[in-house]
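Asker: Please read through the structure below; I'll follow up with questions.
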Amino acid sequence: MSRTLFHCRGCEGVITEEADAVFLWHESGSSGPGRDVYAHREHVRQVREDETAVRLLARIVVKRLISPDAEWRKNL
């Protein structure tokens, strides 16, 4: 029987106790199923999520707001 090892996103160390592993989120992969992200219980507050998606969403929202054919402009 194989044992699944988790890597802590906070300290990049191996989480040896499964009860100490806290699931954070799932990262999708470009050529596979992706992977789950875990952290030690005491390192959860240190972990920051990937800011790439947040920046991308902000750029999309700004682009839509300044677009000449934006939906909200049609109702003015």
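Residues in the sequence shown are numbered from 100 upward in steps of one, following the numbering used here.
Quick reminder that beta carbons are idealized off the backbone N, C-alpha and C, glycines included.
These numbers come from a predicted model, not from an experiment.
1) If you draw a straight line from the alpha carbon of residue 118 to that of residue 156, how long is it in whole angstroms?
2) Using C-beta distances below 8 angstroms, list every residue in its chain close to residue 100, excluding the 5 sequence neighbours before and after it, in chain order.
3) Near residue 140, what residues of its chain come up, given a Cβ to Cβ distance below 7 angstroms and the 5 sequence neighbours on each side ignored?
4) Classify residue 154 as buried or exposed, calling it buried when 16 or more other Cβ atoms lie within 10 Å of its own Cβ.
5) Tell me the start and end of each unbroken beta strand (DSSP E) in the region 112-154 that is at least 3 residues and wholly inside, in chain order.
6) What whole-angstrom Cβ distance do residue 134 and residue 123 have, given they're in contact under 8 angstroms?
7) Note down the Cα distance separating residue 168 from residue 150, rounded to an integer number of angstroms.
Answerer: In brief:
1) Counting from 1 along the sequence shown, the entry for residue 118 is found at position 19. Counting from 1 along the sequence shown, the entry for residue 156 is found at position 57. The straight-line gap from Cα to Cα measures roughly 34 angstroms.
2) On the sequence shown, residue 100 is found 1 positions in, with the first residue counted as 1. Note that residue 100 has pLDDT 44, beneath the 50 cutoff, so the model's placement of it is unreliable and the number below is only indicative. Within the same chain, residue 100 has no close Cβ partners at all.
3) Here residue 140 refers to the residue found at position 41 of the sequence shown. Same-chain partners within the cutoff: 119 and 121.
4) Indexing the sequence shown from 1 puts residue 154 at position 55. So residue 154 counts as exposed.
5) 120-126 and 134-139
6) Taking the sequence shown and counting its residues from 1, the one referred to as residue 134 is at position 35. Taking the sequence shown and counting its residues from 1, the one referred to as residue 123 is at position 24. No, residue 134 and residue 123 are not in contact; Cβ-Cβ is about 11 angstroms, not under 8 angstroms.
7) Residue numbering aside, residue 168 sits at position 69 when the sequence shown is read from its first letter. Residue numbering aside, residue 150 sits at position 51 when the sequence shown is read from its first letter. Roughly 29 angstroms between the two C-alpha positions.
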